[in-house]
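Enquirer: Provided herewith is a single structure, encoded as structure tokens, for subsequent inquiry.
Structure representation (structure tokens):
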């Protein structure tokens, strides 16, 4: 078995946030984002720090990578093997003039290094401390009036007896690093909160720093610390501190009064004012952001437009731009305006960040998302508290923001745009009339707004009929075609190309126009014209014997034009016109594909990189290439194309984009922010000067929207706030909703244990008003403490031909006497006319232990994992009456606590139950209700693993994830019977493949993927060219999503090719050069101990972004990126 791991969705969990030259730097779990580019790193990130223009990152392998942001190169890599010590970089700090860098290990060593001078023999100095743990380190600011070569360094250490000790070092930077001298070791009392959360140096005359604990802040002056002072004045904090920000240091920063800005757990940012002359600290609120603040805080003084004003200090600024992220917080950018009477906060944007993932759900349904093409939709639940908890919809495509909306276009059929030296125009065509609008684009730097003005009365065009074509013709003119006439105009005069004709279709390219006219009941004439010097000159004509469904004129390059004609009989004719020789003839380029093309109903066509791309009436995009024809279904409505130099847009049920610069880039959806529906009725380019942005006019919900489309595709997350921490999620098909189970208390009536997300309406639905009635009346029990819901499944069965679909929950009960028990709730769920959900209690089963997991074993039987045992419950049917009773098997004991259970069907008559445990890996039980209704252990894993989750494939392969970050594929054994007892062919499960990933996998979801394009490129005669391939979506705890493809030996060749192409691809820009440096770093032998990143493809994680940015001719790798 070949397992290839792709990473279509990288982790969006923001660990740290920095700013360099007004550009944000996002540090994620295994990558960083700078200048809107995602840079993937070889392994996961432990710590990061920005010092001057150098980004320093500590990787999980122990490597310290120094990245110069000015040149976007790796300036230095410090390997732990050089020093025989692990985790240097657990804390990273530098002095204010960036002369020296201090790298702290997790235990008791500090490495001093000359900043930027990494190869000198005097560039390193290591000291070992006689303490168990180094909590914090910092260089104090140079003392006022003292040479800045004179530095003090402080290390805050924790002793085994939970006491705090400050170690103070002195050093003159012109001396050798080995002259670093210890001048004081001081025990310090910090009241009832002994462990400092962070320390903040303060620039002042004599040197000082603030020490923050969970409830207080202390001001420590350097003379006091050197003199042996132990007790310091304590100032109470209003809330737990989570982050701080201090303005950048300059030589003019020295004042007796300094300010530090503190973010707290209650979402308020405070101003900490320090007066070192009077040795006092005051605390005042700055702003309440009313959202969870993370571990990173950046505050930038701004003007009213939001532009940075570095000459103004934060304390004096009337406007502030605040960025916050990290530690599971959503994070975002806020604009704060302060007046004498109020503080106004505008939430400008939220970051695509979410905390630890709790569960994931995939849906493959058309109606739920208002798009007729079925595709997998991924929803994940995440969050660490009520403010950050959300259901996150993850999609991949081109993000588009709505810049302008509101112009009604009810019933519009098509929209056209045209731009020339005479102006920019937008035409909306309806079945029996048209409207023309002029686009007034304000000049650059002007405060005027863009205007869309109705120009219909001034255009002198016949707008009383449907418009077939409106487009620029040459640099100064437009062509307007209706069924009765074609007009060329510059809106100051007109030239009629055809009048009183029965025009069927028309198309334009540059200065050429082709028009199809009806010559009789059957015969049509396709006439090609050239417009030059205000003269329309006929240059060729074709007689066509069929009704024309589509007519397209396309520039093939090298002075050649293609005339593509599609008929209603699915026949496609392609003619080539040579501009230099004025010769019009049938194109021989596509003769080899004539039989294939004649099976297509043409609706539109374009040329991409000299290759013909066809849009069909059935919603598919067809790539006609010299090496074959490739088809991608994107919708069900006819395809319409429009193009820019960089990409081609395809409109069907919704809008898609194709990268023109790639060799074969299949369409990816344009995802419109703030829009639930993706359905687009009509679209075209919006004719304004947009710089590097692509601006599209689209009719959505019968209104014109102006969209700004991103330049590159990405993973886009849409958050649905939950306001409670989720535990489990599950799709409920008969409701068309996702059920979400919360970590809430039974004692409180709100929120409910269960809520439902309506996929189509994009709203959270609470159950009926009496939703608490299904809970047991146990709160009066004097021993009762609380109840928590732990498990959630669907139970589907039929009774007398009637289908039942129940929601089953498992809970755990805690009592004051230490006993723990649980309940199983079986609920019916129905949808009311108002859209709410009505829950009815059907069965309640008391259990002797908490119910940690559930599964449906067969139609009438469910199995419950209760701590370290399994219980079976069977539906007993007596006529129309049903009840659930326990099967007497005395509770089947498991070798260790049960973490997950999965039903495995290898044949129609053979069922296994795979039980994942916390200590003993998985144990396989055989179940045969016809022989005996009990579970019989048949085999297990020979290794001890702590299982997190599992799933099963169609062929019975068992897939598990464990806490060691590995995903294992097991083969279920064959079973024979001896004395009516099942006997496995082997006592241990066979491991088919193992993949180690950078994060713990929280959910495994089997899906089916088309592999036809890859197989066809490998071998066009491949007999399984249309097969589906088993794919497992592995959703990581950190938010990363991996696709684990299960491939045969021939299919895996393309991935070997792609892996080598990554290493050999030429960098196209500095970012690509940095990628290549990181790829070379990944190939370092010292990375071998991090599983999954070796040269053997089974288990190798291929970088999604890197593959997709390969040289355009690497079409194999481009196809890999589309999976």
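Residue numbers (my numbering): 26 to 1148.
Even for Gly, the Cβ is constructed at its ideal location relative to N, Cα and C.
No experiment lies behind these values; they were computed from the predicted model shown.
(1) Put residue 619 into one of helix, strand or coil per three-state DSSP.
(2) Hey, how far is the Cα of residue 60 from the Cα of residue 980?
(3) What separation, rounded to the nearest whole angstrom, lies between the Cα atoms of residue 669 and residue 746?
(4) Tell me, please, which residues DSSP counts as bridged to residue 351.
(5) With a 10 Å radius around its C-beta and 16 neighbouring C-beta atoms as the bar for buried, classify residue 271 as buried or exposed.
(6) What is the DSSP secondary structure of residue 481, counted as helix, strand or coil?
(7) Mapping the DSSP letters down to three states, classify residue 1041 as helix, strand or coil.
(8) Assuming the contact rule is C-beta atoms closer than 8 Å, residue 78 and residue 45 should be a hit. Round their C-beta distance to whole Å, please.
(9) Rounding to the nearest angstrom, what Cα-Cα distance links residue 133 and residue 348 in this structure?
(10) Kindly indicate which three-state DSSP category residue 228 falls into: helix, strand or coil?
(11) For residue 960 versus residue 875, is the C-beta distance shorter than 8 Å?
(12) Once the 5 residues before and after residue 1123 are set aside, which same chain residues still bring their CB inside 7 Å of it?
(13) Give a yes or no on contact between the region 706 to 713 and the region 413 to 425, applying the rule of three or more CB pairs nearer than 8 Å.
(14) Note down, in chain order, each residue of its chain lying with its Cβ closer than 7 Å to the Cβ of residue 639, except the 5 sequence neighbours on either side.
(15) Please name the residue in 370, 1026, 813, 660 whose C-alpha comes closest to that of residue 837.
(16) Return the residue from the list 1069, 1026, 974, 1070 that minimises the CA-CA distance to residue 1060.
(17) Can you tell which of 989, 856, 847, 695 has the C-alpha that lies nearest to the C-alpha of residue 946?
(18) Between the C-alpha atoms of residue 72 and residue 659, what's the straight-line distance to the nearest angstrom?
(19) Please state whether the Cβ-Cβ distance between residue 507 and residue 492 is less than 8 Å.
(20) Which one or two residues does DSSP pair with residue 458 in a beta bridge?
(21) With a cut-off of 8 Å on the beta carbons, I'd call residue 254 and residue 244 a contact; round off their distance for me.
(22) Could you tell me the boundaries of the alpha helix (DSSP H) in which residue 248 lies?
(23) For residue 323 and residue 1065, I'd like the C-alpha separation in whole angstroms.
(24) What is the DSSP secondary structure of residue 27, reduced to helix, strand or coil?
(25) With C-beta atoms as the reference, is residue 718 less than 8 Å away from residue 733?
(26) Can you find the residues in the same chain that come closer than 8 Å, C-beta to C-beta, to residue 894, ignoring five residues on each side of it along the sequence?
(27) Reducing DSSP to helix, strand and coil, say where residue 204 ends up.
(28) Taking Cβ positions, are residue 588 and residue 539 nearer each other than 8 Å?
(29) Ignoring anything shorter than 4 residues or poking outside the region 580 to 650, list the alpha helix (DSSP H) runs there in chain order.
(30) Determine, using beta-carbon pairs with one atom in the region 434 to 443 and one in the region 736 to 744, whether at least three such pairs fall under 8 Å.
(31) Identify, in the order they occur along the chain, each residue of the same chain with its Cβ nearer than 6 Å to the Cβ of residue 207, setting aside the five sequence neighbours on each side.
(32) Which same chain residues end up closer than 7 Å to residue 1028 when comparing Cβ atoms and leaving out the 5 residues on each side of it in sequence?
(33) Note down, one range per segment and in chain order, each beta strand (DSSP E) of at least 3 residues found wholly within the region 989 to 1015.
(34) Three-state secondary structure (DSSP) at residue 664?
(35) DSSP three-state call for residue 37: helix, strand or coil?
(36) Less than 8 Å separating the beta-carbons of residue 929 and residue 997?
Expert: On the basis of the coordinates in this document:
(1) Secondary structure at residue 619: helix, using DSSP grouped into helix, strand and coil.
(2) 46 Å
(3) 37 Å
(4) 354
(5) buried
(6) helix
(7) Residue confidence for residue 1041 is low, a pLDDT of 42 falling below 50, so the modelled location carries little weight; the figure read from the coordinates is stated next. Taken through DSSP and simplified to helix, strand or coil, residue 1041 comes out as helix.
(8) 7 Å
(9) 34 Å
(10) coil
(11) no
(12) Confidence at residue 1123 is low in this model, with a pLDDT of 33, below 50, so the placement of that residue should be treated as unreliable; the coordinate-derived value is given next. Contacts found: 27, 28, 1018.
(13) no
(14) 625, 627, 630, 647, 649
(15) Of the listed residues, the one whose Cα sits closest to residue 837 is 813.
(16) Per the Cα distances, 1026.
(17) 989
(18) 42 Å
(19) yes
(20) Note: residue 458 sits in no beta bridge, so no partner.
(21) Actually they are not in contact, since the Cβ atoms of residue 254 and residue 244 sit about 12 Å apart, beyond 8 Å.
(22) 247 to 252
(23) 26 Å
(24) strand
(25) yes
(26) For residue 894, the CB contacts under 8 Å within the same chain, skipping 5 residues up- and downstream, are 874, 916, 917, 918, 919, 923 in chain order.
(27) helix
(28) In contact: residue 588 and residue 539 (Cβ atoms closer than 8 Å).
(29) 619 to 622
(30) no
(31) 194
(32) 384, 385, 974, 1060
(33) 991 to 996, 1000 to 1003, 1006 to 1009
(34) coil
(35) coil
(36) Annotated as proximal: residue 929 and residue 997, with beta-carbon spacing under 8 Å.
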